[in-house]
Amino acid sequence: MTMKTMRKEEVAMRLAKPGIVIRHRQDGVVERWTYVGWIPWKRVKAGLTVEEAMGRLIQKGWQTGRVTRVPSEATLRRWEEEGVAEAQDGCRVEIDGYCPHGWPSWLIVAGLV
Ligand SMILES: [Zn+2]
38 MTMKTMRKEE
48 VAMRLAKPGI
58 VIRHRQDGVV
68 ERWTYVGWIP
78 WKRVKAGLTV
88 EEAMGRLIQK
98 GWQTGRVTRV
108 PSEATLRRWE
118 EEGVAEAQDG
128 CRVEIDGYCP
138 HGWPSWLIVA
148 GLV
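In this note's numbering, the protein residues as written are 38 to 150.
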């Protein structure tokens with residue numbers, strides 16, 4: 038259990054903006070979260086390390102923390118049935134709504150509504 042080799046698929050910290058959550062893989066692929074899971078979205082610009090690319094996004098206002106904590110499939114399904122969901126920042130919203138802080142329902146982020 039002392040192997041510390043970084044595999045290509047290993048992912049760094051997640052980043053989010055209203056409506057989107059992404060994660061950078063060490064191989065430079067940036068994945069976006071949707072209701073089917075993490076899907077390839079973009080690549081880190083040539084000449085930039087993953088860390089540099091993430092630093093630039095953070096400067097542009099991308100955030101870490103709670104707004105990146107994507108819900109499980111079961112939770113999404115429950116919210117859809119109840120007609121009330123959590124927004125990315127944890128506020129309660131309608132499943133197709135935004136909270137007063139500008140964050141959308143997780144069902145919007147997931148691409149379900
Ligand atoms: Zn809010």
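The C-beta atom is built at its ideal place from N, Cα and C for all residues, glycine as well.
Remember, it's a predicted structure, so these values are computed and weren't measured experimentally.
Residue i, buried or exposed, once every other Cβ within 10 Å from all chains shown has been counted against 16
i, result
"Met91", "buried"
"Pro108", "buried"
"His61", "buried"
"Arg106", "exposed"
"Arg115", "exposed"
"Ile59", "buried"
"Ala122", "buried"
Distance cut-off 7 Å: residue i Cβ against heavy atoms of ligand 1
i, result
"Lys143", "As written in the sequence, residue 143 is Trp, which differs from the Lys given in the question. Trp143: no, Cβ never under 7 Å from ligand 1."
"Pro137", "yes"
"Asp126", "yes"
"Trp140", "yes"
Candidates the options: closest to residue i by CA position
i, options, result
"Leu113", "Met50, Trp143, Cys128, Glu131", "Trp143"
"Gly65", "Ile57, Trp78, Gly74, Val87", "Val87"
"Gly120", "Lys82, Ile145, Arg103, Gln96", "Ile145"
"Glu110", "Gln63, Glu89, Gly56, Thr71", "Thr71"
"Met50", "Leu94, Thr101, Pro137, His138", "Thr101"
"Ile57", "Gly134, Arg93, Glu68", "Glu68"
"Gln63", "Val48, Pro77, Ala53", "Val48"
Euclidean distance between Cα positions of residue i and residue j
i, j, result
"Met40", "Ile132", "Its pLDDT being 46, under 50, Met40 is placed unreliably by the model, and the measurement read from it follows with that caveat. Approximately 43 Å between the Cα atoms of the pair."
"Glu117", "Leu149", "9 Å"
"Val104", "Val73", "19 Å"
"Gln125", "Leu94", "18 Å"
"Ala79", "Gly98", "First, the amino acid is wrong: residue 79 is Lys here, not Ala. Cα to Cα, the separation comes out at about 18 Å."
"Val130", "Ala147", "15 Å"
"Gln96", "Val81", "16 Å"
"Pro141", "Gly84", "34 Å"
Rounded distance between the beta-carbons of residue j and residue i, thought under 8 Å
i, j, result
"Gly139", "Pro55", "5 Å"
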